[in-house]
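Below is one structure, written out as structure tokens; the observations come after it.
Here it is in structure tokens:
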């Protein structure tokens, strides 16, 4: 009698588990049909937001294209005119480039004073070619250093590429960061590089160059597959 009851209850248990699986699959299918359009719309919106962010970032960098940021310039001036005069003297002395007042649209320190460290200086040029000439000769500066002025997003991307830049240079390749892209030119004297496509960021090759950009923040995810992966193991565990 006891053995018959055990068999009976075991059959009931199996039947309930089958019904549970069937019900779960039915619910998942129903949810998928209801939520799929919403998820697709969400993915589309994220894609549009990403495109908009790229456009905003592009225009932000275009607006900053006439600027340069100067580091290490002693903060002793009492006015913007004194600051400009100091910079003009340094540029003339170290680069032998004459900088005229009418070529500058604005100059000022960035941020609030903190301790003894001099704040960076932002300078905007009305003469783009003079800016370019100074930028090309920036390595000749001894007392100060100069960089381009980028948006916050571009600065973050450049920072993310710094480690990759160091790696490529250690391999003996000629590498530099242009905007938010890492440019790599292979050294013919080094062995051909082997890249793991699952790890390396997306890149395109042109004229012997490798261009690497950080991956997009947005990625396509199948939410329903993830949900099924979480539910199925639990049901299988109960069947054991």
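In the UniProt record's numbering, the protein residues as written are 1 to 240. We put the CB at the ideal spot given by N, CA and C, even for glycine.
(message) For residue 210, count the other beta carbons within 10 Å of its own beta carbon; 16 or more makes it buried, fewer makes it exposed. Which is it?
(response) That one is buried.
(request) Look up residue 109 in the DSSP assignment and say whether it is helix, strand or coil. (result) Here residue 109 sits in strand by DSSP.
(message) What does DSSP give as the partner residue(s) for residue 117 in the beta ladder?
(response) Bridge partners of residue 117 according to DSSP: 114.
(request) Indicate the three-state DSSP secondary structure (helix, strand or coil) for residue 213 in the structure shown. (result) Assigned with DSSP and collapsed to three states, residue 213 falls in coil, not helix or strand.
(request) Out of 123, 181, 172, state which residue places its alpha-carbon closest to the alpha-carbon of residue 161. (result) The residue with the shortest Cα to Cα distance from residue 161 is 181.
(message) Using only the alpha-carbon positions, how far apart do residue 78 and residue 138 sit?
(response) Going by the C-alpha atoms only, they are around 26 Å apart.
(request) Please report the residue range of the beta strand (DSSP E) in which residue 182 lies. (result) DSSP places residue 182 inside the beta strand (DSSP E), whose first and last residues are 181-185.
(request) Ignore the nearest five residues each way along the sequence and tell me which others in residue 103's own chain have a CB closer than 7 Å to its CB. (result) These residues qualify, in order along the chain: 125, 126, 127, 130.
(request) Please name the residue or residues paired with residue 67 in a DSSP beta bridge. (result) Partner(s): 124.
(message) Please report the distance separating the alpha-carbon of residue 150 from that of residue 177.
(response) In a straight line, the C-alpha of residue 150 is about 12 Å away from that of residue 177.
(request) Please state whether DSSP places residue 177 in a helix, a strand or coil. (result) In this structure, residue 177 counts as strand in the three-state DSSP scheme.
(message) Closer than 8 Å is the cut-off here; do at least three beta carbon pairs connect the segment 24-35 with the segment 109-124?
(response) By the Cβ criterion, the segment 24-35 is not in contact with the segment 109-124, since fewer than three pairs of Cβ atoms, one from each stretch, lie closer than 8 Å.
(message) Beta-carbon within less than 7 Å of residue 3's beta-carbon, same chain only, minus the 5 sequence neighbours each way: which residues are those?
(response) Around residue 3: no qualifying Cβ.
(message) In the DSSP output, what is residue 148 paired with across the bridge?
(response) Beta bridge pairing from DSSP links residue 148 with 68.
(request) Using 10 angstroms around the beta-carbon of residue 168, count the other beta-carbons present and answer buried if the total reaches 16, otherwise exposed. (result) Per the 10 Å Cβ criterion, buried.
(request) Thinking residue 94 and residue 142 are a contact (beta carbons under 8 Å), I'd like their distance in whole angstroms, please. (result) That pair is a contact at about 6 Å.
(message) What does DSSP give as the partner residue(s) for residue 104 in the beta ladder?
(response) Bridge partners of residue 104: 125.
(request) Any chance you could list the beta strand (DSSP E) runs of at least 3 consecutive residues sitting entirely within the segment 10-71, in chain order? (result) Listed in chain order, they are 67-71.
(message) Need the endpoints of the alpha helix (DSSP H) that residue 84 sits in, please.
(response) Counting along the chain, the alpha helix (DSSP H) containing residue 84 begins and ends at 80-95.
(request) Give every residue of the same chain whose Cβ lies closer than 7 Å to the Cβ of residue 183, excluding the five residues on either side of it in the sequence, and list them in chain order. (result) Shown here for residue 183: same chain residues with a beta carbon closer than 7 Å to its own, the five before and five after excluded, namely 175, 176, 209, 211 in chain order.
(message) Please state whether the Cβ-Cβ distance between residue 273 and residue 80 is less than 7 Å.
(response) With the chain running from 1 to 240 in the structure shown, residue 273 is simply not present.
(message) Measuring straight from C-alpha to C-alpha, what distance separates residue 186 and residue 179?
(response) Take the alpha-carbon of residue 186 and the one of residue 179: they are about 20 Å apart.
(message) Between 54, 73, 59, which has its C-alpha nearest residue 116's C-alpha?
(response) The candidate whose alpha carbon is nearest that of residue 116 is 73.
(request) Report the three-state DSSP secondary structure of residue 153 (helix, strand or coil). (result) DSSP places residue 153 in helix when its eight states are reduced to three.
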